[in-house]
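Last residue of the sequence shown: 332 in this note's numbering, with the numbers rising by one and none dropped. Ideal Cβ positions, reconstructed from N, Cα and C, are used throughout, including at glycine. Note that the structure is a prediction, hence the values are computed from the model and not measured.
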Amino acid sequence: MEQPADTSGPRDESPQVAVTVVRTGGFAGLKRTWEATADDPSTVDVWLGFADSLPWGATPREDPRSVDRFVYRIVIAVHSEVRHETTLPESALTGRWRDLVDRVQQQADGDGDSGQSPAPSR
Numbered sequence: 211m212e213q214p215a216d217t218s219g220p221r222d223e224s225p226q227v228a229v230t231v232v233r234t235g236g237f238a239g240l241k242r243t244w245e246a247t248a249d250d251p252s253t254v255d256v257w258l259g260f261a262d263s264l265p266w267g268a269t270p271r272e273d274p275r276s277v278d279r280f281v282y283r284i285v286i287a288v289h290s291e292v293r294h295e296t297t298l299p300e301s302a303l304t305g306r307w308r309d310l311v312d313r314v315q316q317q318a319d320g321d322g323d324s325g326q327s328p329a330p331s332r
């Protein structure tokens with residue numbers, strides 16, 4: 211008789227939360243990617259609380275004067291499944307969106323502790 215699968219362990223090796231920022235465009239059309247991850251439950255809660263508070267459905271219109279500017283694609287994944295995703299022109303990267311991108315860049319570039327939560331809200 212076949213034994214049931216063991217479901218007591220972690221689902222996979224992916225981090226609980228991954229926040230990915232991909233910047234494309236600019237004069238040279240360069241692409242750069244940053245990713246911040248979190249596994250600690252309290253840090254995961256802070257990242258998700260911060261991410262869930264952002265206006266995901268309010269996609270700004272593209273500014274016709276923004277030729278050769280950067281575009282940012284932001285993806286929040288929980289256990290490798292996309293929870294939130296948006297693409298913002300550089301002109302819309304203000305306030306809490308800017309806070310999120312800055313925090314992800316800092317963690318990915320090693321300027322912050324691994325798993326550190328996003329900046330406090332303003």
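Taking C-alpha positions only, D319 is separated from T230 by approximately 13 Å. When DSSP assignments are scanned along the stretch 235-280, the uninterrupted stretches of alpha helix (DSSP H) that are 4 or more residues long and fall wholly within it turn out to be 251-262.
Nearest to W307 by C-alpha distance, out of V285, A248, H289, is V285.
Counting C-beta pairs closer than 8 Å gives fewer than three between the stretch 227-246 and the stretch 262-271, which falls short of the contact rule. Cβ atoms of V288 and V227 come within 8 Å of each other, at about 6 Å. For the 7 Å CB-CB criterion, G236 and F280 form a contact. Taking 8 Å as the upper bound for CB-CB distance, A248 and V254 are in contact here, some 5 Å apart. Taking a C-beta distance under 7 Å as the contact criterion, W257 and H294 do not qualify as a contact pair. Note that the C-beta distance between L303 and Y282 is below 7 Å.
Boundaries of the alpha helix (DSSP H) harbouring L310: 305-318, taken from the DSSP string. CA-CA distance, S263 to Q316, rounds to 20 Å.
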